[in-house]
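So the number in the working numbering is just where the residue sits in the sequence shown, counting from 1, plus 51. Built from N, CA and C at the ideal position, the CB exists for glycine as well. Below: one structure, written as structure tokens.
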Amino acid sequence: MSEAVSLAELIAVDHLLTEEEKLVAETVRRFVRERYLPRAAELFAKEQFPTDLIPEMAEMGLLGASLKGYGCAGMSPTAYGLALEELEYGDSGLRSFASVQGSLAMFPIHKFGSEAQKERWLPGMAKGEIIGCFGLTEPDAGSDPGSMKTRAKKDGKDWVLNGTKMWITSSPVAKVAVVWAKTREDDPKSIRGFLVERGMKGFETPTVHGKMSLRASPTGEIVLSDVRVPEENMLPNVEGLRGPLSCLTQARFGISFGALGAARACFDSVLAYSKERIVFGKPIASKQLIQKKLSDMAIEIAKGKIMGVHFARLKEQRDLLPAQVSLCKKNNVGIALEIARTARSILAGNGILLEYPVIRHMLNLESVYTYEGTDEVHTLILGQSLTGVSAF
Ligand SMILES: Cc1cc2nc3c(=O)[nH]c(=O)nc-3n(C[C@H](O)[C@H](O)[C@H](O)COP(=O)(O)OP(=O)(O)OC[C@H]3O[C@@H](n4cnc5c(N)ncnc54)[C@H](O)[C@@H]3O)c2cc1C
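What follows is the structure, given as structure tokens:
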């Protein structure tokens, strides 16, 4: 037997990180190991989100982590990415909560909101006292949000909203929903963001039950029936699809790190298993086919991580191009899903048990592959960027 080198030592990305970034990663890693992993399988099985952990996540600065001011932590893009990676080592549902709260609910208020809106909502959201959600997708408008049907009509000083949003992360528990609606019939340029509050008449958020993926994340609809929203709840500083799409660009960047956490969790699980599982008289770790699977996983995780850190560093200097974010999201989520499936094959029969994290991550990653732009949509964004021709 020769001495083994850990995956982290092999990738050796630590030398690219500041002490602060390493500390963020280590703190979130410990939180996930001590507070989430012991309950991960049960939460998934029972379709429960651990709301009791929200104050601790807030304490670590994980809600609106990359935003500045208003009680937010103002983390660097790299620290933010590493934090999400560690959260998703626990579960994609846990990471989804942080992504939606920070990148999809707080970010649009921070970027496009009035000063009064920022002061009213952001400090409470950073503390986790106010949960937010992001309503863009509709039953008949997912990949093509410009075809949304939700309408906002002006009536005196108010807006009246009608429509249905589907697949909305955290909507059943949200106190405020950032809802995107057209203010003119069939005109995507007229899309505006509205802060719809729990308690407003005609606002309902029925839970979507029976998901076999992201079970620890509450997903719901947003049903809007003549909801009267005051003018001061409209985001004043953005109009058109640019509003929701710029939020998605933020979230997608974080997800490209997050997915690596799920991949690492699968890798760690099967690496340990392969040393213990005896087949044909020897641990399966000694079999070439198993070593090839482990090597391929390690290579893809290494490539994904190095790419993530590279783009995070670039993001510290300037906004990333949407195609750069697509490249990262598509690659890292794709490889994570492939790694989860391969890991499941190494666990074989045991791989379908929730006792191991692999099947849970595999099922979760099916959603991550689809939300925040499907794998196909990111292919088309990249294709358009490379050729200058839209194939949508
Ligand atoms: C668990 C979960 C949580 C989610 N959370 C949120 C949320 O918080 N907020 C929110 O607004 N949305 C959320 N979504 C919605 C998600 O973003 C959409 O499901 C996604 O955008 C895809 O839309 P769709 O499901 O309607 O698929 P469709 O758009 O109907 O796509 C169907 C298929 O066609 C493919 N396709 C589409 N266009 C093309 C094309 N031009 N060429 C080739 N193929 C194409 C797609 O890739 C896909 O394979 C969530 C989804 C899930 C599953």
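Cross-strand partners of residue i (DSSP beta bridge)
{"i": "N415", "result": "In DSSP, N415 forms no bridge with anything."}
{"i": "G402", "result": "The partner list for G402 (beta bridge, DSSP) is empty, contrary to what the question assumes."}
{"i": "T270", "result": "T220"}
{"i": "V280", "result": "W210"}
{"i": "K465", "result": "Residue numbering for the chain in the displayed model covers 52 to 443; residue 465 lies beyond these limits and cannot be assessed."}
{"i": "G186", "result": "V230"}
{"i": "P334", "result": "I329"}
{"i": "R243", "result": "A232"}
{"i": "F254", "result": "L275"}
{"i": "T438", "result": "T438 is not bridged to any residue."}
{"i": "A192", "result": "E189"}
{"i": "M285", "result": "F245"}
{"i": "K205", "result": "W210"}
{"i": "T215", "result": "V274"}
For residue j and residue i, the rounded distance between their alpha carbons
{"i": "K233", "j": "L212", "result": "9 Å"}
{"i": "Q435", "j": "P373", "result": "11 Å"}
{"i": "K208", "j": "K226", "result": "23 Å"}
{"i": "R392", "j": "A336", "result": "18 Å"}
{"i": "E248", "j": "R364", "result": "36 Å"}
{"i": "T69", "j": "E137", "result": "17 Å"}
{"i": "S276", "j": "R202", "result": "11 Å"}
{"i": "S165", "j": "L135", "result": "28 Å"}
{"i": "S198", "j": "A192", "result": "6 Å"}
{"i": "R446", "j": "G153", "result": "Residue numbering for the chain in the displayed model covers 52 to 443; residue 446 lies beyond these limits and cannot be assessed."}
{"i": "A63", "j": "C123", "result": "30 Å"}
{"i": "Q339", "j": "A349", "result": "15 Å"}
{"i": "L265", "j": "K97", "result": "11 Å"}
{"i": "G271", "j": "L414", "result": "18 Å"}
{"i": "L404", "j": "C317", "result": "13 Å"}
{"i": "E255", "j": "R279", "result": "13 Å"}
{"i": "A267", "j": "E139", "result": "12 Å"}
{"i": "G402", "j": "H260", "result": "24 Å"}
{"i": "E423", "j": "F331", "result": "44 Å"}
{"i": "L173", "j": "M52", "result": "55 Å"}
{"i": "G439", "j": "Q375", "result": "15 Å"}
{"i": "I432", "j": "E54", "result": "44 Å"}
{"i": "G214", "j": "T220", "result": "17 Å"}
{"i": "G125", "j": "I160", "result": "15 Å"}
{"i": "R235", "j": "K205", "result": "10 Å"}
{"i": "F82", "j": "L145", "result": "12 Å"}
{"i": "R4", "j": "E85", "result": "Because the chain is modelled from 52 through 443, residue 4 falls outside the range shown and cannot be assessed."}
{"i": "Q99", "j": "K262", "result": "12 Å"}
{"i": "I329", "j": "D347", "result": "22 Å"}
{"i": "L114", "j": "R80", "result": "16 Å"}
{"i": "P269", "j": "K333", "result": "43 Å"}
{"i": "E427", "j": "K240", "result": "24 Å"}
{"i": "R171", "j": "G179", "result": "14 Å"}
{"i": "I181", "j": "D103", "result": "14 Å"}
{"i": "E406", "j": "A59", "result": "24 Å"}
{"i": "K119", "j": "K252", "result": "33 Å"}
Residue i vs residue j beta-carbon contact at 8 Å
{"i": "H412", "j": "S377", "result": "no"}
{"i": "Y131", "j": "S150", "result": "no"}
{"i": "I397", "j": "S325", "result": "yes"}
{"i": "G186", "j": "K162", "result": "no"}
{"i": "T425", "j": "S127", "result": "no"}
{"i": "V230", "j": "G183", "result": "no"}
{"i": "A177", "j": "Y121", "result": "yes"}
{"i": "P223", "j": "T258", "result": "yes"}
{"i": "F148", "j": "Q301", "result": "no"}
{"i": "L61", "j": "A323", "result": "no"}
{"i": "S307", "j": "K380", "result": "yes"}
{"i": "L67", "j": "V360", "result": "yes"}
{"i": "L133", "j": "A76", "result": "yes"}
{"i": "V321", "j": "S143", "result": "no"}
{"i": "N383", "j": "L311", "result": "yes"}
{"i": "L416", "j": "L388", "result": "yes"}
{"i": "G141", "j": "L88", "result": "yes"}
{"i": "T129", "j": "E189", "result": "no"}
Closer than 8 Å to chain B by CB, residue i
{"i": "A124", "result": "In the structure shown, chain B does not exist; there is a single protein chain."}
Near ligand 2: residue i beta-carbon under 7 Å from a heavy atom
{"i": "C298", "result": "This structure does not include ligand 2; its bound ligands are ligand 1."}
| query | Below 8 Å, can you find three or more Cβ-Cβ pairs linking the segment 359-374 to the segment 391-410? | reply | no
| said: Can you confirm whether the segment 98-114 touches the segment 284-297 when touching is taken to mean that 3 or more C-beta pairs between the two stretches lie within less than 8 Å? | reply: no
| message | Taking contact to mean 3 or more Cβ pairs, one atom from each stretch, closer than 8 Å, check whether the segment 290-306 and the segment 239-246 are in contact. | response | Touching, yes.
| query | Which ranges does the alpha helix (DSSP H) cover as unbroken runs of at least 4 residues, wholly within the segment 297-378, from first to last along the chain? | reply | Entirely contained in the segment 297-378, the alpha helix (DSSP H) runs reaching 4 residues are, in chain order, 339-368.
| For the segment 134-167, which segments carrying the alpha helix (DSSP H) assignment without a break, of at least 4 residues, lie completely within its bounds, in sequence order? | 143-150, 158-163
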